[in-house]
Amino acid sequence: VSPASYRNAITMGRLIVKRYTCPFSIKCTQCTHSENITHGLFLSPVSNEAPLDARTPVAIDCEMVGVGPEARNALGRVSVVSYTGAVLYDVMVRPEEKITDFRTRWSGIRPFDMRRSIPFACAQEQVERIIRDRIVVGHMVHNDFNVLKLKHPCWLIRDTAKAPYAKLVAGFPTDKVVGLRALTLRLFGMEIQKGEHCSIEDARATMAIYHITEKVWEAELRRTTQLNCQPCDDPDLLSSSACDFDAAPSRATPSCKRASNGTKSLSPDHLPMIASKRPCKEGAILPIKKTEMLRSSSSSSLLDDSFWPDDADGSKL
1 VSPASYRNAI TMGRLIVKRY TCPFSIKCTQ CTHSENITHG LFLSPVSNEA PLDARTPVAI
61 DCEMVGVGPE ARNALGRVSV VSYTGAVLYD VMVRPEEKIT DFRTRWSGIR PFDMRRSIPF
121 ACAQEQVERI IRDRIVVGHM VHNDFNVLKL KHPCWLIRDT AKAPYAKLVA GFPTDKVVGL
181 RALTLRLFGM EIQKGEHCSI EDARATMAIY HITEKVWEAE LRRTTQLNCQ PCDDPDLLSS
241 SACDFDAAPS RATPSCKRAS NGTKSLSPDH LPMIASKRPC KEGAILPIKK TEMLRSSSSS
301 SLLDDSFWPD DADGSKL
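Under UniProt numbering, the residue at position 99 of the sequence shown is numbered 99, and the numbers go up by one with no gaps.
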């Protein structure tokens with residue numbers, strides 16, 4: 001997909017949207033998802049792929065439940081899929097606090113599902129190991145990182161909700177946040193999130209969208225970071241700020257600005273989201289930040305395949 005393709009998406013005031021063929025199946029074939037739950041790192045029973053390359057992008061999505069009297073967001077399920085849509089990791093997660101709202105209408109999680117859950121700290125550490133030094137694709141992915149209590153380097157994040165490319169291809173305004181369901185329907189003619197959500201389907205949908213825009217997205221990032229490569233070191237990156245670009249190559253980092261500053265809406269003729277930054281010195285190599293975990297008081301030792309809660313009926317959860 002070239003910039004000219006984006007400019008040609010809107011012609012003579014009439015919207016022309018191309019329908020794309022999804023590179024892999026988005027739909028999850030297991031209705032109950034009970035057979036999709038993986039037991040440990042890269043041990044998915046539904047993926048027959050070769051070992052994951054160290055630099056291959058992955059997509060992530062989380063389902064949330066409510067904990068405490070105020071039903072605060074907590075991780076209930078996390079799924080990670082590969083560049084080809086294969087399930088790499090998919091677990092039900094037991095929050096550190098008591099679940100007061102399973103949010104089944106949206107999350108698809110029920111009390112019965114907790115019989116196969118693993119502690120939050122274990123899921124957090126395993127996810128961190130999977131995404132370490134990788135490009136991570138997601139939709140409003142800062143919400144996923146917040147609930148995982150992880151901080152991932154901003155130049156390794158590709159957020160399909162913030163970047164303009166998919167929205168332009170689909171014919172949506174670039175200054176608006178467009179839902180994953182709407183983007184998937186417009187681009188692939190496929191309906192997701194009809195009723196209960198599935199984190200595998202959502203992760204696959206974001207990866208499919210990334211496939212469409214990858215070439216122009218990555219090319220623009222490479223070009224821009226050669227011009228503007230001030231380190232991205234905002235401590236509140238994943239909670240209250242947004243990168244000028246959702247990510248950049250690991251050897252050069254874009255700068256960040258507060259989301260509250262706002263950005264001008266992009267027209268098809270102004271795809272690059274370029275801010276005025278100080279140029280980097282020739283040959284300079286910027287430090288690479290690692291994914292950070294916000295530790296809790298609970299154990300964070302990794303589980304092996306033989307570990308599952310003793311209370312199989314979930315009565316103690």
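Where a beta carbon is used, it is the ideal one built from N, C-alpha and C, also for glycine. Predicted model, so just to flag it, every value in this text is computed and none were measured.
Residue i versus residue j - alpha carbon distance
| i | j | result |
| --- | --- | --- |
| residue 65 | residue 201 | 18 Å |
| residue 63 | residue 152 | 19 Å |
| residue 56 | residue 83 | 7 Å |
| residue 221 | residue 98 | 43 Å |
| residue 59 | residue 69 | 32 Å |
| residue 100 | residue 67 | 5 Å |
| residue 108 | residue 196 | 5 Å |
| residue 78 | residue 18 | 32 Å |
| residue 105 | residue 193 | 10 Å |
| residue 149 | residue 136 | 15 Å |
| residue 175 | residue 146 | 23 Å |
| residue 163 | residue 61 | 17 Å |
| residue 216 | residue 111 | 44 Å |
| residue 4 | residue 25 | Low confidence applies here, because residue 4 scores a pLDDT of 46, under 50, leaving its location unreliable and the question unanswered by this model. |
| residue 103 | residue 75 | 12 Å |
| residue 211 | residue 127 | 22 Å |
| residue 168 | residue 124 | 34 Å |
| residue 140 | residue 161 | 6 Å |
| residue 86 | residue 131 | 15 Å |
| residue 208 | residue 122 | 28 Å |
DSSP beta-bridge partners of residue i
| i | result |
| --- | --- |
| residue 61 | 79 |
| residue 74 | 65 |
| residue 151 | 292 |
| residue 99 | 67 |
Limits of the beta strand (DSSP E) - the one that residue i falls within
| i | result |
| --- | --- |
| residue 324 | Limits of the chain in this structure are 1 at one end and 317 at the other, which puts residue 324 out of reach. |
| residue 158 | 157-159 |
| residue 136 | 136-138 |
| residue 144 | Premise fails: residue 144 lies in the alpha helix (DSSP H), 141-148, not in any beta strand (DSSP E). |
| residue 130 | Note, residue 130: premise wrong, no beta strand (DSSP E); alpha helix (DSSP H) at 120-131. |
Cβ of residue i within 8 Å of any chain B Cβ
| i | result |
| --- | --- |
| residue 201 | Structure shown: chain B not included; a single protein chain is present. |
For residue i, the first and last residue of its enclosing alpha helix (DSSP H)
| i | result |
| --- | --- |
| residue 109 | First-last for residue 109: undefined, no H or E at that position. |
| residue 167 | 165-170 |
| residue 184 | 180-188 |
Contact test: residue i Cβ vs the ligand ZN heavy atom, cutoff 7 Å
| i | result |
| --- | --- |
| residue 178 | The ligand content of the structure shown is nil, which means the ligand ZN is not present either. |
Query raised in the report: So, do the region 177-195 and the region 149-158 have three or more beta carbon pairs nearer to each other than 8 Å?
Result: no
Query raised in the report: Is the number of C-beta pairs between the region 78-95 and the region 116-131 that are closer than 8 Å three or more?
Result: yes
Report task. Pick out the complete alpha helix (DSSP H) segments inside the region 187-219, 4 residues or longer, and give them in chain order. Result -> none
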